[in-house]
Every structure is written in C-alpha cells, then in structure tokens.
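Inspection log for the structure reproduced underneath, given as structure tokens.
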Amino acid sequence: MSDADTNTRSEVIAGLVPSAPRRMFGTAVLYGLGALLFYLVITQPPEGLHLVFLLVLIGAVSIYGGYKMWDVTGHMIELTEEELRLSDGRVIFRMDDVVKVDRSFFAFKPSNGFLVTLKTPYPRQWAPGLWWRFGKRVGVGGLTSGAEGKLMADTLTAMIATRDGIVDLDGIR
C-alpha cells in the first residue's frame, strides 16, 4: 500500500462535533446536580445513614460525569473509509464490522444521533454526550447537532450499501 492509498483511506469523510453552548450546558447540568445533592446532604441530611451515603454517591458520580463529559466532548468523531474514530485516534469501530445503521424513531439511540449494530462485540465504553458502546451496539450522538448526525448516519448507510453491493456509487461518478 502506497502513501497515497493510506492518505486516501484515512481522509475524513464526515465529522461530528458538539457545539460550545451544548457542551457548556450539558456539563453545567451535571455539575449543578452534583452540587445540589451535596448541598442537600449538608443542609437537610436524611435520617438514614444509607440515604446520606446514596446522595453523596450520586452527587459524586454526577460531578465525575460532568468532568468526563467536558473532557470527551472536546474531541470530534471522524468517519473515514476504514473506521469511525475520535480526533485523538481512538477507534470506536471498524467499517468492516458494521451490520446496519438505525436512525428510526424507536431505536435506542442518543439524542440527535444514530445506532450502529456490529458483527463482533467490542469492549464496553462510554463517552457522555458523544457516544457509547455496549457489546455489538454503538450509539453516536448526544450533544451533537441533529443535521450533522443525520449526515453522518446517511453517509455511513451509503458506505455500507456500497460495500455490500446493494448500491453502486462508483457508477455515478
């Protein structure tokens, strides 16, 4: 494989990045929930120690989720001919493993996003506000723009149809 082939295959076809206001609002909601739960424990603690522990735990998880959301949403999801990856190089899934893309109303997908079913299971991973992966299912979207998510899902669907021989996009050129 030549350098030209490598550059062509790793060329970004579509990108998905959360806008700054959505990013700030999403993290502010999680930080606010955590702070509110800590405030509740301090000012009006429940009678049972187990309830205090539960509120502190949920508050800590909310604050950690806000931190993780801020960190992860700083990256862009990139669609190439080979893979769906983050801008830092982490691979979400390889194109060879994709079975179908689902944007239907009843799909268990993130807001403004889509669901991808894979042939082989990948390790569980979660990037709040951007994507998640659980076994053979990957949800992409969340704090992202609906139009960008639709464009990426449609592009991915066309790539899969071309790969499977359902549509011949080379004949269009």
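With my numbering, letter number 139 in the sequence shown gets 139, and the count goes up by one each step, no holes. From the three backbone atoms N, C-alpha and C, an ideal C-beta is built for every residue, glycine too.
Element boundaries [alpha helix (DSSP H), containing residue i]
{"i": "Val56", "result": "49–72"}
{"i": "Lys109", "result": "Counting along the chain, Lys109 falls outside any alpha helix (DSSP H), and DSSP gives it neither H nor E."}
Residue closest to residue i, alpha-carbon to alpha-carbon, out of the options
{"i": "Ser111", "options": "Asp164, Leu49, Val99, Pro128", "result": "Pro128"}
{"i": "Ser62", "options": "His50, Gly32, Val72", "result": "Gly32"}
{"i": "Ala20", "options": "Ile13, Ala28, Thr155", "result": "Ala28"}
{"i": "Tyr67", "options": "Leu30, Asp88, Pro121", "result": "Leu30"}
{"i": "Leu37", "options": "Val56, Gly48, Glu47, Gly26", "result": "Val56"}
{"i": "Leu16", "options": "Ala153, Tyr64, Gly165, Ile160", "result": "Ala153"}
{"i": "Gly34", "options": "Gly65, Pro45, Glu47", "result": "Gly65"}
Residue i and residue j closer than 8 Å at C-beta
{"i": "Arg22", "j": "Leu143", "result": "yes"}
{"i": "Phe93", "j": "Leu84", "result": "yes"}
{"i": "Phe114", "j": "Val98", "result": "no"}
{"i": "Ile77", "j": "Val140", "result": "yes"}
{"i": "Ile13", "j": "Glu81", "result": "yes"}
{"i": "Thr117", "j": "Arg137", "result": "yes"}
Per DSSP, cross-strand counterpart(s) of residue i
{"i": "Leu118", "result": "Val98"}
{"i": "Phe134", "result": "Arg137"}
{"i": "Leu79", "result": "Ala14, Leu84"}
{"i": "Val41", "result": "Paired residues: none, contrary to the question."}
{"i": "Ala161", "result": "DSSP output for Ala161 lists no bridge partner at all."}
Coarse secondary structure for residue i, derived from DSSP in three states
{"i": "Gly36", "result": "Looking at the sequence shown, residue 36 is not Gly but Leu. Leu36: helix per DSSP, three-state reduction."}
{"i": "Pro18", "result": "coil"}
{"i": "Leu151", "result": "helix"}
{"i": "Val12", "result": "coil"}
{"i": "Arg103", "result": "coil"}
{"i": "Ile166", "result": "coil"}
{"i": "Arg229", "result": "One cannot answer for residue 229 here, as it falls past the ends of the chain, which runs 1 to 173."}
Span of the beta strand (DSSP E) around residue i
{"i": "Arg85", "result": "83–86"}
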